Every structure is written in C-alpha cells, then in structure tokens.
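Novice: Residue numbers (my numbering), protein chains in the order written: chain H, 9 to 363; chain W, 9 to 363.
Even for Gly, the Cβ is constructed at its ideal location relative to N, Cα and C.
The structure presented is a predicted model; accordingly, all values stated were derived computationally and were not measured.
Encoded as structure tokens, here's the structure I'll be asking about.
There are 2 protein chains.
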Amino acid sequence: MSAAHSLNIVPFVSVENMMDLVLSVGIEKFLIELSAYVEEDFIRWVDFDKTPRVASHSNDGVIELMPTSDGKLYSFKYVNGHPKNTKSGRQTVTAFGVLAEVDSGYPVLLTEMTILTALRTAATSAVAAKHLAPTGAKTMAIIGNGAQSEFQAIAFKALLGIDHLRLYDIDPGATQRCKKNLESFGFKIDACRSAEDAVEGAQIVTTVTADKKNSTILTDNMVGPGVHINAVGGDCPGKTELHRDILLRSDIFVEFPPQTRIEGEIQQLAQDHPVHELWKVIAGAEPGRVAEKQMTLFDSVGFATEDFSALRYVRDKLSTNSGFQNLDLLADPDEPRDLFGMLMRHATSTRVTSA
Amino acid sequence: MSAAHSLNIVPFVSVENMMDLVLSVGIEKFLIELSAYVEEDFIRWVDFDKTPRVASHSNDGVIELMPTSDGKLYSFKYVNGHPKNTKSGRQTVTAFGVLAEVDSGYPVLLTEMTILTALRTAATSAVAAKHLAPTGAKTMAIIGNGAQSEFQAIAFKALLGIDHLRLYDIDPGATQRCKKNLESFGFKIDACRSAEDAVEGAQIVTTVTADKKNSTILTDNMVGPGVHINAVGGDCPGKTELHRDILLRSDIFVEFPPQTRIEGEIQQLAQDHPVHELWKVIAGAEPGRVAEKQMTLFDSVGFATEDFSALRYVRDKLSTNSGFQNLDLLADPDEPRDLFGMLMRHATSTRVTSA
Chain H
9 MSAAHSLNIV
19 PFVSVENMMD
29 LVLSVGIEKF
39 LIELSAYVEE
49 DFIRWVDFDK
59 TPRVASHSND
69 GVIELMPTSD
79 GKLYSFKYVN
89 GHPKNTKSGR
99 QTVTAFGVLA
109 EVDSGYPVLL
119 TEMTILTALR
129 TAATSAVAAK
139 HLAPTGAKTM
149 AIIGNGAQSE
159 FQAIAFKALL
169 GIDHLRLYDI
179 DPGATQRCKK
189 NLESFGFKID
199 ACRSAEDAVE
209 GAQIVTTVTA
219 DKKNSTILTD
229 NMVGPGVHIN
239 AVGGDCPGKT
249 ELHRDILLRS
259 DIFVEFPPQT
269 RIEGEIQQLA
279 QDHPVHELWK
289 VIAGAEPGRV
299 AEKQMTLFDS
309 VGFATEDFSA
319 LRYVRDKLST
329 NSGFQNLDLL
339 ADPDEPRDLF
349 GMLMRHATST
359 RVTSA
Chain W
9 MSAAHSLNIV
19 PFVSVENMMD
29 LVLSVGIEKF
39 LIELSAYVEE
49 DFIRWVDFDK
59 TPRVASHSND
69 GVIELMPTSD
79 GKLYSFKYVN
89 GHPKNTKSGR
99 QTVTAFGVLA
109 EVDSGYPVLL
119 TEMTILTALR
129 TAATSAVAAK
139 HLAPTGAKTM
149 AIIGNGAQSE
159 FQAIAFKALL
169 GIDHLRLYDI
179 DPGATQRCKK
189 NLESFGFKID
199 ACRSAEDAVE
209 GAQIVTTVTA
219 DKKNSTILTD
229 NMVGPGVHIN
239 AVGGDCPGKT
249 ELHRDILLRS
259 DIFVEFPPQT
269 RIEGEIQQLA
279 QDHPVHELWK
289 VIAGAEPGRV
299 AEKQMTLFDS
309 VGFATEDFSA
319 LRYVRDKLST
329 NSGFQNLDLL
339 ADPDEPRDLF
349 GMLMRHATST
359 RVTSA
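Below, the structure is given as structure tokens:
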C-alpha cells in the first residue's frame, strides 16, 4: 500500500478520483497497463478461487456480487444491471469494489467501479482479440453505441491498432454521440444505417447492446468467414445478441465456462457444446486463431478475476497518485478484543468535549 | 432516505458516526429498537431471498459475503473472521455492509458493520431467548468474555431483564475487562474461575469464544435441565463449542438450516437431525419453550436477514440523525449512457481549472 495508515482506515477512490487517475495516466496508457494486469492474472488462472457470480434477479434487473481470491488478495465487486434505469437518469450498470488481504481479512481498497468496469471489460476484450482476431485487422464494427462502446474502441486501438470504426445503434443519437466522443482519437469513423451495413468490411465485430432480452443483433448471413466476434452485451440469463447459427459456426472462447454457460451467448447451446477457455490461449497452452477463414467468438460475460486485476492495478497506481480519501471504515479499538470499551470511551470523550 | 441527494452520492456511516448514533440513541434503547426490526424481518421470513453465505476460507480465517433481499431492498455484508488478528492489534471480526434498492440496483447506504454486527448478533440472541429461555430467568453465564460479550449482556438485560452475570474466560484479564465495562449497567457480576463454576445457578448459558477449532466449552454434565443455551461462538466449519451429547439432549433452534448445518454446532450431527426454525417460533407458527425442564439451544451462526434488519434500522435512523458522510461512489453522467463523455468533459474542466 501507499502511505502508512491506521488500522481503521481504508483508502477510497471516488468517481472523481478515478476520473483524475484515468486522465492523469492517459486513457490509452491506462488500458494498455490494465491489460497487462488482466493478462498476468489470466496466465495464473489456476491460482484463483473461482465461483460463478452470486446474482439476485428481479423483474427490472439484477444485483450481483463477484468475489475471487488468489490466496494472497481477495476481491469482490458489487454490480447492478438495470436497463430501465436510463429512463430515470441513472446508469444501467453501476459498480464498486473492494480489495482485501487474505491474511487478515482487512480491506485495503474501496473504489468506484462503474468507470473501472467499463475499462476492464474493454481491456479484456482487447486481450482476447490479440489472440483471436485476424492478423492485421484494422476495421471494427461496433453494434450498440452506449456507455461501453467508446472504451471498446480505444482499447482495440491501443492494443490492436484498430483505426477504422463502423458504428450502428437503433438510436442514431447514440451513434452520433459515440462518434463525437471519439473524434479526437484519430479513428476513421462511419455512422451506419443498419447492423448489416456496419459489419461490411469489418474484421472484428463488437456487439454491445443493453436490452435485457434475447435479441438477434447478428444473423448468420451477416458474418463472413475469418471474422472475430467480440460479443460483450449478452451477459445474463435471457440476454443474448447472436443468432444460434453463428455460434454453431464459430470457435467459441469463454472466461469461466460454468458462468458463461448460464450467462453468455452459449446459454443457447447444449451444456456440453465444446468451448475453449481463454486463459489457456493467453497462457500459451492452447492456440488462439489457427486459420484465416476461422470464425472466432469471444463470448464475454465479465469475470471476477478481471475485477481483481483492475483493483490490483488501481491499488498499485495509488502509490504514485494521491487521489483517494481515507475512509474510517473499520473499528480499531486500542485493545483489539475491547470493542465495547471503545464505544464507552467514545461516550466519555464526547461528553468531555461537549462539557 | 433522509436528505435529497444527487444520484452519485451514497450516505456513508463511518465507525465514528456509528458510535455517535449508538450513544445518542442509548445502547439499551438501540438494542430494543434493533430487536424489533430483527423480529419484524423474521416474521416475514418467507419474503426473503435466502442463500448460505459465500465464504472464502484460508488457513488463518475466512472472508464472507452475506447477501439477501426482500424484493424491495437488497443488502449484503462483508465480514471476515481471523482469530490470529488480535496478535497484530487487529479485530478478529470486522465488517461493513450495503443496503440497495432492488428497483434500480443503486446503493442507498454504506456503513461500518463491525460495531453493528456485534449489536445485531446480541439483539438476535435476545430475541431468540425471549421465546426459549425459562420464564423469570435472571442469571446468565457468559463463557468467552471477548468483543461480543458485553453486547450480549446488555441485550439480555434490555429485552429479558437479566441482572446477574457469571463470567468466565480462559484469559482472566478478559473477564476483568468485561466486568469493568459493564459495571455502570446495574448488573450483579461474578468473575468465575472455570466454565463449571460460571454455569452454576444460571438459567441461560451464553457461549461466545473465538478460537477457530472444535472445542468443548461445555460438556454434558455441566448443563442441567431447564437451561437455555445461547451458542454464539461456533459459527464456521470446524469451529464448535459444545459437546455433541448436549446437542442430543436439547431442542435445537436455528436461523437458516442449510447454513447452520454447515457452520453451527449441529455440524456435529447427522444432516437430517431434527431442528426447529427460529422464524416459525417468532412468527407464532410453532411453540418456543414448552416445558420447564426442557433444554433449549439457540445454535446462532448469524444470518443475512439480521444484517438486512440492522441496515434498515440504521437507514431509518439517518433521517433524524445527521451523522453520515456523502460518498461520491456512483458515476452520474449528465447523460446516462454517456460515461465516456463524462470522463472526457472532466478532462476539459480539469484542464481549464489548472490553466
């Protein structure tokens, strides 16, 4: 950890602090550095305690807890998904997370993760694409131009050199905003009139729509051989984006199979449909793309180890960036077993002060 | 919620704020009011999403997440248990928790829960004892005089009228400290030389030791007929306090059977050993104590609904108590889908400011 601190204090990175951090590092550099942490943790995949996220579903959305541990550090993320939230001026997805020491169980970092999740999701997609996209890919279609779209674009630029974007959203305003947000980043950007139009000439197709239902953003005839599909939006039961036939034609790469079979595009397939584990590709134990005409699919749902990597990265950044608050989160009695005495002495000190 | 607030802000109750709240309400009144919330939620037990806690075990301890929801509100608690922590001046148990709206997935409260957990554990024990302890009980033995002991004593005084305590701890210093902490609360207090000595004449026996192992704090011959045992310390796999023979003689009451069978004293018994569900007793669907000579046992492990009740109580208290901070926890872009734009506009505003 950065500064020495009392046992009661947990560093807290607010939304403001996170924006300062991302901007002071630079968003492209942030994504490159974060990707290195994500890769590092995928390579040592076997070290992690892995469990599907703990989800609480309601009619309007879901609240999830995503814990993991490598035996030294423990992390969890709280994240919601409520598509209707945008109608009341709220985010579809918000998140915060905690990193803790396994040895003591004490948290060492609490941080906003709405922005950080957008960054780690994009970083993970780009890491996967490094191994799966066709060599020399320059053009990416992005279908769904909401909150995650620009982060995907910049991560693919920073890690793969994508410099041509073909954007489509059912809301043309979203496409215009995405285009405007990205205009200073050096892309050639086409605003397209349909998903069919957008995928034209793209070597990579990113789907990142938000509706909580089974949609068909891509049908089989829309995707040619050799394309890499980065399917980000289908990430909970009953929420998919791709026609089943696309899945049957693709080599499918996933994060944690027990979770992806519940939440990913492959919920449309038999439970024993063969899939590849992304970590094995990143660790070099299995090949990624093996043929020019191969259709590859990263069925991204987001996994707890990626949040772990992001939390670890932010914690390491705090040593050189002072943007955090000290939160009085943990009771720290002068005598460890004397919680009650601490409370009573607080009464005395308060009484003395106000006398 | 208390004050109107921006969408990015979550009220945070620090350790200091919590101590102020408990002391301003008064600890006995706090425990009485909190018990009413705990009872209310036990009565509507069927409304809750219930799942055993999600535990991450290591050699030295455990980190747990305890989520639940009644369909309107969602809560979770982060809690660790590391007995060795006291050696480095840390608490064995620390905790914090979050209350959120199911409708939007947005958190509405973040609070310390080290102190609050001690209070809700004591409140729950007292609620159980109201239904299970012998009528007119005045004397309670407390075996294990650590951080939870005084809270138990005061809850039993406030809710049952216990006015005589018989204390024992393997560390006589712990007993002396507990006695001193409680001296202004109007108890008659005996410091005892052994567990056998402590249970002498007690109608209620509370066991609340902290070692993470299977111990035998009480053997069968030590406990006479008619006694109520409030077993608080045995609360994770491999950590029990009572001899198996005591369990076989008792009517056993538990919170959530699937969790207690893993974590409670009854981990020593067959998986189908009959137990009573506490909520049914509190709701009046089943009797509590039915005979003078009956030996009753509350096999307490702590359940997520009790934290839910405690969080709900604290949130309601915030409307009349101003002791909290506003935490910038949630990204709140002016345009909901424009997270990236918010980040970029922050760059502009920062640049202008520092120019």
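Look at the alpha carbon of W/Val18 and the alpha carbon of H/Ile51, and state the distance between them as a whole number of angstroms.
Specialist: Answer to the nearest angstrom: the Cα atoms are 36 Å apart.
Novice: Looking only at its chain, what residues have a beta carbon closer than 8 Å to the beta carbon of H/Gln184, apart from the 5 residues adjacent to it on each side?
Specialist: If we look at H/Gln184 and ignore the five residues flanking it on each side, its Cβ neighbours are Ala199.
Novice: Give me the residue from H/Glu343, H/Met350 and H/Thr147 with the minimum Cα distance to W/Lys95.
Specialist: With distances taken between Cα atoms, W/Lys95 lies closest to H/Glu343.
Novice: For a contact meaning CB atoms closer than 7 Å, what does H/Arg345 contact in chain W?
Specialist: Those are Thr94, Gly154, Ala155 and Ala182, listed as they occur along chain W.
Novice: Does H/Val4 get closer than 7 Å to chain W when you measure Cβ to Cβ?
Specialist: The requested residue 4 of chain H is not part of the displayed model; chain H covers only 9 to 363.
Novice: Is it right to say H/Pro75 is buried, meaning 16 or more other beta carbons lie within 10 angstroms of its own, or is it exposed?
Specialist: Buried is the call here.
Novice: Throw me the rounded Cβ distance for the W/Phe84 and W/Leu73 pair, which I believe falls under 8 Å.
Specialist: Correct: roughly 6 Å between the Cβ atoms.
Novice: Out of W/Lys80, W/Asp78, W/Trp53 and W/Pro91, which one is the CA nearest neighbour of W/Ile71?
Specialist: Residue W/Pro91 is the option with its Cα nearest to W/Ile71.
Novice: Please give the ranges of any beta strand (DSSP E) in the region 323-348 of chain H, keeping only runs that are unbroken, at least 3 residues long and fully inside the region.
Specialist: Runs of the beta strand (DSSP E) inside the region 323-348 of chain H: 333-336.
Novice: Residues in its own chain within less than 6 Å of H/Asn334 by CB, not counting five upstream and five downstream?
Specialist: Cβ neighbours of H/Asn334 beyond the five flanking positions: Ile17.
Novice: Along chain W, in chain order, which residues have C-beta atoms closer than 8 Å to that of H/Asp49?
Specialist: Result: empty, since nearest Cβ-Cβ is about 16 Å, beyond 8 Å.
Novice: Residues in the same chain with beta-carbon distance under 7 Å from W/Gly97, minus the five sequence neighbours each way, listed in chain order, please.
Specialist: There are no such residues.
Novice: Using 10 angstroms around the beta-carbon of W/Asn93, count the other beta-carbons present and answer buried if the total reaches 16, otherwise exposed.
Specialist: Buried: at least 16 other Cβ atoms inside 10 Å.
Novice: Going by DSSP in three states, H/Cys186 sits in which element: helix, strand or coil?
Specialist: The answer is helix: DSSP assigns H/Cys186 an H, G or I state.
Novice: Within a Cβ cutoff of 8 Å, which residues of the same chain sit near W/Ser362, ignoring the five residues on either side of it in sequence?
Specialist: The predicted position of W/Ser362 is uncertain, since its pLDDT is 39 and thus under 50; no value can be drawn from it.
Novice: Measure the C-alpha to C-alpha separation of W/Val116 and H/Asn222 and round it to an integer number of angstroms.
Specialist: So the alpha carbons of these two residues sit roughly 31 Å apart.
Novice: Quick check: is the beta carbon of W/Val23 nearer than 7 Å to any beta carbon in chain H?
Specialist: By this cut-off, W/Val23 is an interface position.
Novice: Do we get a CB-CB distance below 7 Å when we pair H/Thr102 with the residues of chain W?
Specialist: Chain W, which has a Cβ nearer than 7 Å to the Cβ of H/Thr102, makes this yes.
Novice: Shortest alpha-carbon distance to H/His65 belongs to which of W/Lys301, W/Phe316 and W/Asp78?
Specialist: For H/His65, the nearest C-alpha among the options comes from W/Asp78.
Novice: Hey, is H/Ile274's beta-carbon within less than 7 Å of any beta-carbon in chain W?
Specialist: Cβ-Cβ to chain W under 7 Å: no for H/Ile274.
Novice: Counting only the same chain and skipping the five closest in sequence on each side, list residues whose C-beta sits under 7 Å from that of H/Leu140.
Specialist: Excluding positions up to five away in sequence, the list reads His236, Phe261, Gly296, Arg297, Thr304 and Phe306.
Novice: State buried or exposed for W/Ser157, treating a residue as buried only when at least 16 other CB atoms are found within 10 Å of its CB.
Specialist: That one is buried.
Novice: Ordered along the chain, which non-local residues of its own chain (more than five positions away) have a Cβ less than 8 Å from that of W/Asn189?
Specialist: Within the same chain, W/Asn189 has close Cβ partners Glu158.
Novice: DSSP state of H/Pro295, grouped into three classes?
Specialist: Coil at H/Pro295, not helix or strand.
Novice: Any contact between the region 251-271 of chain W and the region 157-175 of chain W? By contact I mean 3 or more CB pairs, one from each, below 8 Å.
Specialist: Flag = no, the region 251-271 of chain W and the region 157-175 of chain W do not touch.
Novice: Does H/Ala141 get closer than 7 Å to chain W when you measure Cβ to Cβ?
Specialist: No, H/Ala141 does not count as interfacial toward chain W.
Novice: Nearest by alpha-carbon distance to H/Ala44: which of H/Gly69, H/Val23 and H/Leu127 is it?
Specialist: Minimum Cα distance to H/Ala44 is reached at H/Leu127.
Novice: Listing by chain order, which chain H residues have their CB less than 9 Å from the CB of W/Met148?
Specialist: The premise fails here: W/Met148 is roughly 16 Å from chain H at the closest Cβ pair, so nothing lies under 9 Å.
Novice: Taking its Cβ as the centre, do 16 or more other Cβ atoms sit within 10 Å of H/Leu173, making it buried, or is it exposed?
Specialist: H/Leu173 comes out buried.
Novice: From H/Thr102 to H/Glu120, what does the alpha carbon distance come to, in whole angstroms?
Specialist: Rounded to the nearest angstrom, the two C-alpha atoms are 9 Å apart.
Novice: If you measure between the beta carbons of W/Leu107 and W/Leu81, is that distance less than 7 Å?
Specialist: In contact: W/Leu107 and W/Leu81 (Cβ atoms closer than 7 Å).
Novice: Chain H partners of W/Ala126, CB-CB under 7 Å?
Specialist: Going along chain H in sequence order, the residues near W/Ala126 (Cβ under 7 Å) are Leu347.
Novice: Please name the residue, chosen from W/Phe332, W/Arg353 and W/Glu263, that lies closest to W/Val289 on a Cα-to-Cα basis.
Specialist: Comparing Cα positions, the closest option is W/Glu263.
Novice: Determine the burial state of W/Ser22: buried for a count of at least 16 other Cβ atoms within 10 Å of its Cβ, exposed for fewer.
Specialist: Looking at its Cβ environment, which holds 16 or more other Cβ atoms inside 10 Å, W/Ser22 is buried.
Novice: Assign W/Arg269 to buried or exposed, taking buried as 16 or more other Cβ atoms, counted over all protein chains shown, within 10 Å of its Cβ.
Specialist: By the 10 Å Cβ count, W/Arg269 comes out buried.
Novice: Could you please give the first and the last residue of the uninterrupted alpha helix (DSSP H) stretch that includes H/Leu167?
Specialist: Residues Ser157 to Leu168.
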